[in-house]
Structure formats: C-alpha cells, structure tokens
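So the protein lines, in turn, are chains U and G.
All residue numbers for the first sequence refer to full-length UniProt numbering, where the first residue is 1 and numbers rise by one.
All residue numbers for the second sequence refer to full-length UniProt numbering, where the first residue is 1 and numbers rise by one.
Worksheet: one structure, shown below.
2 protein chains.
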Amino acid sequence: MPLDLEKVGVKTALRSFLGSNDLDTNTLAEFYQDLSRNSEEIRYSPGQHLFREGDLNEYIYIPVSGAIMLERSTSSGSRQVFAFLLTGNILGVSDQLIYNFSAKALNDSNVIKISQKLMKNIFERYPAIAKRYQQITSHILSMILDQLFIMGQRTAHQRLAHLLLDMQNRLGHGTNKFHLPMSRQDIADYLGMSLETTSRGFSQLKKLDLINIENNYQITIVERVKLTDYANR
Amino acid sequence: MPLDLEKVGVKTALRSFLGSNDLDTNTLAEFYQDLSRNSEEIRYSPGQHLFREGDLNEYIYIPVSGAIMLERSTSSGSRQVFAFLLTGNILGVSDQLIYNFSAKALNDSNVIKISQKLMKNIFERYPAIAKRYQQITSHILSMILDQLFIMGQRTAHQRLAHLLLDMQNRLGHGTNKFHLPMSRQDIADYLGMSLETTSRGFSQLKKLDLINIENNYQITIVERVKLTDYANR
DNA sequence: CGAGCCCTTGATGCATTTCAACGAATGTGG
DNA sequence: CCACATTCGTTGAAATGCATCAAGGGCTCG
Numbered sequence: 001m002p003l004d005l006e007k008v009g010v011k012t013a014l015r016s017f018l019g020s021n022d023l024d025t026n027t028l029a030e031f032y033q034d035l036s037r038n039s040e041e042i043r044y045s046p047g048q049h050l051f052r053e054g055d056l057n058e059y060i061y062i063p064v065s066g067a068i069m070l071e072r073s074t075s076s077g078s079r080q081v082f083a084f085l086l087t088g089n090i091l092g093v094s095d096q097l098i099y100n101f102s103a104k105a106l107n108d109s110n111v112i113k114i115s116q117k118l119m120k121n122i123f124e125r126y127p128a129i130a131k132r133y134q135q136i137t138s139h140i141l142s143m144i145l146d147q148l149f150i151m152g153q154r155t156a157h158q159r160l161a162h163l164l165l166d167m168q169n170r171l172g173h174g175t176n177k178f179h180l181p182m183s184r185q186d187i188a189d190y191l192g193m194s195l196e197t198t199s200r201g202f203s204q205l206k207k208l209d210l211i212n213i214e215n216n217y218q219i220t221i222v223e224r225v226k227l228t229d230y231a232n233r
Numbered sequence: 001m002p003l004d005l006e007k008v009g010v011k012t013a014l015r016s017f018l019g020s021n022d023l024d025t026n027t028l029a030e031f032y033q034d035l036s037r038n039s040e041e042i043r044y045s046p047g048q049h050l051f052r053e054g055d056l057n058e059y060i061y062i063p064v065s066g067a068i069m070l071e072r073s074t075s076s077g078s079r080q081v082f083a084f085l086l087t088g089n090i091l092g093v094s095d096q097l098i099y100n101f102s103a104k105a106l107n108d109s110n111v112i113k114i115s116q117k118l119m120k121n122i123f124e125r126y127p128a129i130a131k132r133y134q135q136i137t138s139h140i141l142s143m144i145l146d147q148l149f150i151m152g153q154r155t156a157h158q159r160l161a162h163l164l165l166d167m168q169n170r171l172g173h174g175t176n177k178f179h180l181p182m183s184r185q186d187i188a189d190y191l192g193m194s195l196e197t198t199s200r201g202f203s204q205l206k207k208l209d210l211i212n213i214e215n216n217y218q219i220t221i222v223e224r225v226k227l228t229d230y231a232n233r
C-alpha cells in the first residue's frame, strides 16, 4: 500500500529516523511529499523475509511496527544474529551491491520501503538529509562496535544481562516491563551461545531477583542498577 | 612533517584509500594539492597513542606504514581489540563528537593525519570523494559485521584460523608468508579469548600442519584450503 | 651472562555445550 | 471439548572447551 503520512506510526518512525535536528520545515514537507508518492508501506508476517543474503541491495527499510532480525547463516548450519530492529530504526544503509545478511520479520510488522534510487535522488536535493544519513551510518557503526565489545566480554550470563538492559531501553517506553519479540534461540544466536545457556541465564537472573519472567516473553527488570552492575562486573 | 606526495608509501596509501574508480585526474590533482598543503605525515613509536577513547574526534588517519590497533578497555581491566589497521586503511570515519575507542601504534608507523574540518571542506568541493568516503564507511561496516560473525563462531581455534587467513590476505602480498605485527595478547583480546588459548591455538594449527611458525611473529600458511575448511567447519 | 619480556606447556577447576528428558503452551482434527 | 501432536522452554547430567594458575623456555638487550 502507498505510504500514508497521516498514520501515527509512520510519522513516529520517520521522525525517529530523521532525528530532531537541523531540518527546516520546508525541506521536511517536500521530503515527506516525495516519500508518500514514491515509496510504500508493506506488511510482513512472522518469519517472512524482507530480503536474503545475496539479494540485490535495492531498498532501504524503516520498521513502523513490529521487529526485524538481521542474520547470517553458514553452510554448516550455524547462524549469527546481527541485530534486532524496531520502530524508527533503519536497515539497508550500505553501498554494497548485495546484502550480506538476511532480514526477517519476527512478528507482524509494518515496514516503510524506499528504493535506493529515490534515496540517492533525495540526497542530491536535500543535503541536510544526506548529512543525517551519514550520521545514522556512523551511529550504526558505533552500535555494532558496542555489540562487538559485549561479545568479547566475560560470561554468557553477563552478555544476556546486557541484552535485557538494551531491550528495556528500546521496548520499555520508560517502564521496567517489556515484551521480547524474539525467541530464546534468536537470543542465543545473537549472543553467541547455546539455547540452553540462554535459558539458564534467564533462570539465574530471575533467581537473583534481578528480573522477573511473567511468561516466556514478558519480562520485568526488577533491579536495574544491580543488573547493570551484574552485566559490567 | 608536511605531507610529501612524492614518497612511494604515501601515494600507495592514498590510492588505496581512494580506490581505483571514478575520480577524474583533475579532481585528484587538486585534492592531492589540498592535502599536501593542509595535512601532515606523523611518525609513531610502538605503543604510542594516536588518540584515546574520549578524545575529541578532530582528525582522520590513514596509515602509510606500520600497523595501528583500535581498542577499548573496561574499568574492570579487560580489553577489547576492534581492529588492526594497515597501509591504506582509514580510521576516524565517524560523525561522533568523541572517539569511543583508542588507537595505538603496534610498531613504528607513519600515518597521514587529516583534520575533519579539511575533510568536510573537501567533501563539499569534491562530491566524488564524498561519495567514495560513504563507500568506505559502508565497507567498514561490512568488515565489522564479518568480525561479529567470526566472534560467534564455535571454537577459539576456529576464530584464530580466521584471523590468520585475514592476515595472509592483508599482509602476505600474494605469498603465503607474513609477519604478524601484534602480540599473542593483542590477538587474544581481539578474538575474545585468553593469551594461553591463543598460544595453544597456534601450536594446534602447527601440529596439524596447517601453518608453520618460523618464529613468534613470522607465520606461513601451509595449507590454505584446509585451514579455511578448519575455520568454517 | 643475567634480567626481562613474551610465549609455551601442563594441571586444575569452572563455564558452557551437548545430550536427553520433561513441562508448558498452542493448535488441530476427531 | 478432549486427545494428540507440535513447538518452545526448562532442567539435569555428562562431556568438553576454555580460563586460570603456575612453571619453564627462548629471545633480546644491556
């Protein structure tokens, strides 16, 4: 379906993408017009791929609702999950001819899909947006560095604590409760550990009264400070 | 010292930075002029910092010779090494106000130092170079993803095998021999393992006749195909 | 030659994986 | 609505990989 700028989610996602700075209202309005005419919003079901590793890099995507997982698999069957993307994040920020990872919807998700061609065109006409895009790229870079840092850290349970803190930030909306969009296996492949270790990690953190597990996916951070401490010990 | 464009290493490094494409000779010549007037080549001794985590992000750096290590340390004393940079690589490609890692020379290194201000200026005047810069950023992003992928690999020895293959590509100059610029401890912190495990990994790979160790730093890849197989098993 | 540094190797204990069984939640067809 | 299958998560026990502790070897440089 064509992009409907009046939908609350779409606006939120785009605002989060563009950031709160610099862009004057005229530029913004024109840009929105461009988008609504030339790009669309697409709905994906759980498990459906936005694209696969090896596909031509022709679009960028901005999730409006739901959650997207970036992953790469080996011939030998193992898998690395690179990131979980939520509302207002962006994927496909790359000049590479071909995607070198796959993107898959974790649950029912709405996603804005913009062609790279349109994007290049927009960059030429709105330097402010091109600049913002560069900022985003460098922010992503710094996020991945953080992730790499965490991967090198001591214990599996600490890495899990990091993930939960991150998820609270991104999903908690100011509260200490959130709903995990991914499975234990997804978390395991994200943090480089086995499914069972992930599960034991949850149990351990619950036993220490740092978190509470309402059901498999509904998590509460009970002791944020202590959990942070646990993660960075 | 001011940048001497006639020096072979400098040319090589800049060419590798700029890539082999697109830029017409006029643009190139002007750009080189700009650089030689406004930037400099600096020599660093082993262990010396180019910058530290938290320093203002005011320069980008391009190694001409030697090797630079990017690292971040925790308060609790552990360390993550993010990358080893060699001739023609680039560091400081980020819009972040402050570096979020340190850069340290591993051995005697010459480095071209360019102010971010000059760089921005150059981008405005030479769009082709701005575009190239964006390509580089996205290439770096994809390198870090590869690194993240490797960190998720099963065993420590496999990760080491990956590193050695990477080093052969970058240092071997077409041969199967190369000189490692970093210590066992550096490798350990890069791959998220202990120094001892790294050492045992070397011994193991040698025992399997996949590599040969002339001395601690002089390595030969004996069986590239088998080593690749070992790394991805 | 000896000091210092880095690397290697061995022994031990702990963290994590693997294998296996079970439990909870969800969906399906009779 | 209830058996039943299926999927996903938890937990236990055994095996393995890795970190840690500790000792010793080799190289370099004064």
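By construction, the Cβ of each residue, glycine as well, lies at the ideal position given by its N, Cα and C atoms.
Note that the stretch 73 to 82 of chain G does not touch the stretch 103 to 120 of chain G; fewer than 3 beta-carbon pairs, one per stretch, sit closer than 8 Å. Excluding its 5 nearest sequence neighbours in each direction, serine 16 of chain U has C-beta neighbours in its own chain below 6 Å: Gly88, listed in chain order. Look at arginine 184 of chain G: its C-beta is not under 9 Å from any C-beta on chain U.
For the stretch 151 to 183 of chain G, residues whose beta-carbon sits nearer than 8 Å to a beta-carbon of chain U comprise Met151, Gly152, Gln153 and Arg154. Fully contained in the UniProt domain "HTH crp-type" (154 to 225) of chain G are the following alpha helix (DSSP H) runs of length 4 or more, in chain order: 156 to 171, 184 to 191 and 195 to 207. The beta carbon of leucine 141 of chain G falls within 9 Å of a beta carbon belonging to chain U, placing the residue at that interface. For glutamine 147 of chain U, no beta strand (DSSP E) run applies; the uninterrupted alpha helix (DSSP H) run containing it begins and ends at 127 to 151, by DSSP. Taking a C-beta cut-off of 8 Å against chain U, the contacting residues of the stretch 118 to 144 of chain G are Gln134, Gln135, Thr137, Ser138, His139, Ile140, Leu141, Ser142 and Ile144, listed in chain order. G/Leu70 is the residue among G/Leu70, G/Tyr59, G/Leu28 and G/Arg154 whose C-alpha sits nearest the C-alpha of glutamine 48 of chain G. Taking the C-beta atoms as reference points, valine 225 of chain G is found no nearer than 9 Å to asparagine 212 of chain G.
Taking 9 Å as the cut-off, the beta carbon of leucine 171 of chain G is found no closer than this to the beta carbon of arginine 184 of chain G. In this structure methionine 143 of chain U is exposed. Its beta-carbon is surrounded by fewer than 16 other beta-carbon atoms within 10 angstroms.
Cβ contact annotation for phenylalanine 101 of chain G (same chain, cutoff 8 Å, sequence separation greater than five): Glu53, Leu70, Glu71, Arg72 and Phe82, in chain order. For the stretch 89 to 105 of chain G, the residues whose beta carbon sits under 9 Å from a beta carbon of chain U are, in order, Val93, Ser94, Asp95, Gln96, Asn100 and Phe101. Taking a contact to require three or more Cβ pairs closer than 8 Å, the stretch 84 to 98 of chain U and the stretch 21 to 39 of chain U do not qualify as touching. Around the beta carbon of glycine 19 of chain U, fewer than 16 other beta carbons lie within 10 angstroms, which makes this residue exposed. If the five residues before and after isoleucine 150 of chain G are omitted, its C-beta is found closer than 6 Å to the C-beta atoms of Arg159 and His162, all from its own chain and listed in chain order.
Distance from the CA of isoleucine 112 of chain G to the CA of aspartate 55 of chain U, rounded to the nearest whole angstrom, comes to 37 Å. For serine 78 of chain U, the closest Cβ of chain G is nearer than 9 Å. Within the stretch 47 to 63 of chain U, no residue has a Cβ lying closer than 8 Å to any Cβ of chain G. Counting only residues of its own chain and dropping the five nearest sequence neighbours on each side, lysine 11 of chain G has a CB closer than 7 Å to the CB of Leu5.
For a Cβ distance threshold of 8 Å, residue set Gln80, Phe82, Ile144, Gln147, Leu148 and Met151 of chain U lies close to leucine 148 of chain G, ordered along the chain. Per DSSP, leucine 50 of chain G is not a residue of any alpha helix (DSSP H); the beta strand (DSSP E) it occupies stretches across 49 to 51.
For threonine 74 of chain U, the C-beta contacts it makes with chain G under 7 Å involve Asn232, in order along the chain. Spatial neighbours of threonine 137 of chain G in its own chain (CB-CB distance under 6 Å, excluding positions within 5 residues in sequence) are listed in chain order as Val93. Within chain U, the C-beta atoms nearer than 7 Å to that of glycine 192 of chain G come from Met151 and Gly152, in chain order.
Residue environment for threonine 25 of chain G: exposed (fewer than 16 other C-beta atoms within 10 angstroms of its C-beta). Given a length threshold of 3 residues, each whole run of the beta strand (DSSP E) inside the stretch 58 to 126 of chain G is given here in chain order: 59 to 65, 68 to 73, 79 to 85, 102 to 105 and 109 to 115. The beta carbons of glycine 152 of chain U and glycine 192 of chain G sit closer together than 9 Å. Arginine 37 of chain G is bridged by DSSP to nothing; it lacks a bridge partner.
Between the C-alpha atoms of isoleucine 42 of chain G and asparagine 110 of chain G there is a straight-line separation of about 6 Å.
Cα atoms of leucine 227 of chain G and asparagine 176 of chain G: separation of roughly 12 Å, rounded to the nearest angstrom. Around the beta carbon of tyrosine 217 of chain U, a 10 Å sphere encloses fewer than 16 other beta carbons of the protein chains shown; the residue is thus reported as exposed. Where serine 16 of chain U is concerned, the enclosing alpha helix (DSSP H) starts and stops at 8 to 18. Taking a beta-carbon distance threshold of 9 Å, aspartate 24 of chain G does not count as an interface residue toward chain U.
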